[in-house]
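Peer 1: Quick one: the structure is below, questions incoming.
In the numbering used here, the protein residues as written are 157 to 288.
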């Protein structure tokens, strides 16, 4: 079975011409999101200087990508979180806890240089939906 490209209407600006990737892909019930950042539906960065606002926007974007494949946050198995400064961890973690109040997925969090200087956080996810 070939992979399917996930193109949520809400994120129709993806990919931007300068970034060749898909918002997500899926095959056989496995869903991979791209590393998502805090772009709104117009491709503008939300929450400049505010890691909590950026994390919330990323989760909104992630919900849209997952929904295209029939998944929800309950289906997420693993998240990788990239922070421009590891000192942002407590603020990101508070938003993560709100997004996953029970049974959170496995997670890795690291400090990384992100694609644009205004980006403070990037998150990717792997989910699974049983396709019976």
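All C-beta atoms in this analysis are idealised placements derived from N, C-alpha and C, irrespective of residue type, glycine included.
Based on the DSSP output, what are the partners of residue 234 in its beta bridges?
Peer 2: Answer is 262 and 282.
Peer 1: Measuring from the CB of residue 175, is there a heavy atom of the ligand GTP at a distance below 7 angstroms?
Peer 2: For the structure depicted, the ligand GTP is absent and the ligand set is empty, with no information on it obtainable.
Peer 1: Given a threshold of 16 other Cβ atoms within 10 Å of its Cβ, counted over all protein chains shown, does residue 242 qualify as buried or as exposed?
Peer 2: Its Cβ having fewer than 16 others within 10 Å, residue 242 is exposed.
Peer 1: Taking all protein chains shown into account, decide if residue 233 is buried (16 or more other Cβ within 10 angstroms of its Cβ) or exposed.
Peer 2: With fewer than 16 other Cβ atoms within 10 Å, it is exposed.
Peer 1: Please tell me whether residue 255 and residue 229 are closer than 8 angstroms, where the distance is taken between their beta carbons.
Peer 2: Against a cut-off of 8 angstroms, the Cβ pair of residue 229 and residue 255 comes out as a contact.
Peer 1: Using the DSSP secondary-structure output, state which residues sit across from residue 221 in a beta bridge.
Peer 2: DSSP, once it has assigned bridges, lists no residue as partnering residue 221.
Peer 1: So, at 8 angstroms on beta carbons, what are the nonlocal neighbours of residue 157 in its own chain, with the 5 sequence-adjacent residues on each side left out?
Peer 2: Cβ neighbours of residue 157 beyond the five flanking positions: 183 and 184.
Peer 1: Does the Cβ-Cβ distance between residue 189 and residue 180 come in under 8 angstroms?
Peer 2: Going by C-beta atoms, residue 189 is nearer than 8 angstroms to residue 180.
Peer 1: Take every Cβ of the segment 212-223, pair it with every Cβ of the segment 259-268, and state whether three or more of those distances are shorter than 8 angstroms.
Peer 2: At 8 angstroms Cβ cutoff, the stretches do not touch.
Peer 1: Which residues mark the beginning and the end of the alpha helix (DSSP H) in which residue 162 is found?
Peer 2: First-last for residue 162: 160-162, but that is the beta strand (DSSP E), not the alpha helix (DSSP H).
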